[in-house]
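Asks: Mind looking over this structure? Questions follow.
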Amino acid sequence: MSHAALGETRAVTLATCQSDAVTHSRMTRPRVCTYPHGNWEILAKKWFPVARAIDIEDKPVATKLLDVKLVVYRTAQGIHVARDLCPHRGVPLSKGWVEGDEIICVYHGLRYGTDGRCNRIPAQPSVVPGERFRATTFPVVEQYGLVWTCLDSDDGRADIPAFPQWTNESFQPILCPPRFNGCGAWTTD
């Protein structure tokens with residue numbers, strides 16, 4: 001992949017999502033958190049890389065950002081980030097699989113769309129799931145070969161640092177391995 005291709009931005013920000021009738025969740029500080037009060041709230045408004053784009057293929061990937069467990073997955077629509085928690089019984093969505101434009105919980109097979117809405121409960125196919133079954137989703141930007149997200153984006157802007165060197169052919173980009181990316185996120189598989 002060329003440096004220019006790695007530097008391309010494929011973005012879905014809050015402003016874009018709202019026009020498509022998709023709104024992302026705003027996360028609050030986790031009950032069990034290693035970040036001091038105040039620090040977490042400041043950092044949650046920033047954009048962080050949570051995965052390498054090349055690592056997001058056909059299976060959901062578990063990761064963690066600011067003590068919040070996340071799942072990163074790819075559909076035909078692109079890459080998506082959600083809280084790694086099925087609202088039904090708390091099972092990690094990263095243990096499930098992706099079919100079409102849905103991530104499916106391994107426990108009871110509940111199917112969640114990219115907007116977090118539960119589209120189907122297999123045990124009760126005639127039931128229309130309510131908001132209680134909505135998965136928490138976050139905005140995503142794929143840039144510099146990385147998947148970026150923000151836990152509390154209130155203005156819809158993707159405030160990702162500029163790396164103009166990335167598109168320079170004489171610059172050698174090195175993406176950190178998936179176990180540690182140095183930016184507060186790491187895989188947990």
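Residue numbers for the sequence shown follow full-length UniProt numbering, so the first one is 1 and each next one is one higher. Note that CB positions come from ideal geometry on N, CA and C, so glycine has one too.
1. Please classify D154 as buried or exposed, where buried requires at least 16 other C-beta atoms within 10 Å of its C-beta.
2. Does DSSP classify P139 as helix, strand or coil?
3. If you count every other CB in all the chains shown that lies within 10 Å of the CB of E99, and 16 or more means buried, which is it?
4. CB-CB under 8 Å to A53, same chain, minus the five flanking residues each way: which ones, in chain order?
5. Count the other CB atoms within 10 Å of the CB of T34; is the residue buried (16 or more) or exposed (fewer)?
6. Give the DSSP-derived three-state secondary structure of A76 in the structure shown.
7. Quick one: measure Cβ to Cβ for V50 and V81, integer angstroms, because I've assumed they're closer than 8 Å.
8. With D101 and Q77 assumed to form a contact (beta carbons below 8 Å), what rounded beta-carbon distance in angstroms separates them?
9. Tell me, please, which residues DSSP counts as bridged to F163.
10. What is the residue span of the beta strand (DSSP E) that L146 lies within?
11. Which same chain residues, not among the five before or five after T149, have their C-beta less than 6 Å away from its C-beta?
12. Can you find the residues in the same chain that come closer than 7 Å, C-beta to C-beta, to D152, ignoring five residues on each side of it along the sequence?
13. Going by DSSP in three states, G130 sits in which element: helix, strand or coil?
14. When burial is assigned at 16 or more other CB atoms within 10 Å of the CB, is P125 buried or exposed?
15. Within its chain, find whatever has a CB closer than 6 Å to the CB of D159; leave out the 5 residues flanking it on each side and keep chain order.
16. What three-state label does DSSP hand E41 in the structure shown?
17. Let me check understanding here. Comparing Cα to Cα, which of R31, R29, A135 lies closest to V71?
18. Taking DSSP as the reference, what is the three-state secondary structure of C17?
19. Quick one: using the 10 Å Cβ neighbour count with 16 as the cut-off for buried, is I174 buried or exposed?
20. Keeping to the same chain, check which residues put their C-beta closer than 6 Å to that of S94; ignore five residues upstream and five downstream.
Replies: Walking through what the data contain:
1. The residue in question, D154, is exposed, as its Cβ has fewer than 16 Cβ neighbours within 10 Å.
2. coil
3. When all chains shown are included, E99 counts as exposed.
4. I79, E142, G145, L146, V147
5. Burial call: exposed.
6. Coil.
7. 7 Å
8. 6 Å
9. BP columns for F163 are empty, so no partner.
10. DSSP places L146 in the uninterrupted beta strand (DSSP E) bounded by 146 to 149.
11. V50, V81, F138, V140
12. R26, M27, A44, K45
13. It is coil, neither helix nor strand.
14. exposed
15. Same-chain partners within the cutoff: W47.
16. helix
17. A135
18. Legend: pLDDT at C17 = 32, less than 50; position of this residue unreliable, value from coordinates given subsequently. Taken through DSSP and simplified to helix, strand or coil, C17 comes out as helix.
19. exposed
20. P60, A62, V71, D84
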